[in-house]
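Heads up: the sequence shown begins at 84 in the working numbering, then just goes up one per residue. Positions of the beta carbon are idealized from the N, C-alpha and C atoms, including for glycine. Predicted model only: the values in this text are computed from it and were never measured.
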Amino acid sequence: MKDAIPFIAASVMYLLSPILTRRAQASVRNWISSEKDHSNIPVGTPPYYLSPEQIEDYIEFSVDAVQVVPAITLTGVGIVLILPDGLPSWVVGVIYICVTLALVLADTGMYLTRPQRYLSRKFFGLSYVALGGLLINLAGIAFAFS
84 MKDAIPFIAA SVMYLLSPIL TRRAQASVRN WISSEKDHSN IPVGTPPYYL SPEQIEDYIE
144 FSVDAVQVVP AITLTGVGIV LILPDGLPSW VVGVIYICVT LALVLADTGM YLTRPQRYLS
204 RKFFGLSYVA LGGLLINLAG IAFAFS
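Following this line, the structure appears as structure tokens:
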């Protein structure tokens, strides 16, 4: 069971992602509404870049962009924890290098993608990062219990 703990923890983090995102989105909507009520800005539609929908997209994108680093790191720790004892240190080193490369590529990819494009496709409300992380960690849980 202890081998599965990092994968379970990361899976829970991914499953909570839509809930945490909706909470942040609601907070931004409330903030925009209250600011609009207390300002001297003429009544009307805000510019597109300030619309609640656009800000919600930025929040969701930011949540994924921020969580991709700890998620990949936690998965890498889980992989190392479930490896058989007595593995040569060079094998563990190769695994760490692969995890580091995945981390750099995923993080860079996130910041090179426009939020609107990134969020244009979801599966059951989960973004690419959340869905990919969930699938990888569920596979890790299955491997740990096999």
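Practice task
Give a yes or no on whether the minimum CB-CB distance between Y179 and chain D is below 8 Å.
Solution key: Checking the listed chains, one finds no chain D in this structure; it contains a single protein chain.
Handout entry: Length-filtered (4 minimum) alpha helix (DSSP H) runs lying within the stretch 138-218
Key = 172-195, 198-201
Practice task
Count the other CB atoms, across all protein chains shown, that sit within 10 Å of the CB of S210; report buried if there are 16 or more and exposed otherwise.
Solution key: buried
Handout entry: Under 8 Å between C-beta atoms of G216 and Y97
Key = yes
Problem - Nearest to A163 (by Cα), restricted to the options I178, V146, A154 - result: The sequence shown places Val at residue 163, not Ala. Scanning I178, V146, A154 for the CA closest to the CA of V163 turns up I178.
Problem - Under 8 Å between C-beta atoms of G223 and F90 - result: yes
Exercise for the section: To the nearest angstrom, report how far apart P171 and I165 are at their CA atoms. Expected result: For P171 and I165, the distance between alpha carbons rounds to 14 Å.
Handout entry: Straight-line Cα distance separating P153 from L218
Key = Distance between the alpha carbons of L218 and P153 is about 16 Å.
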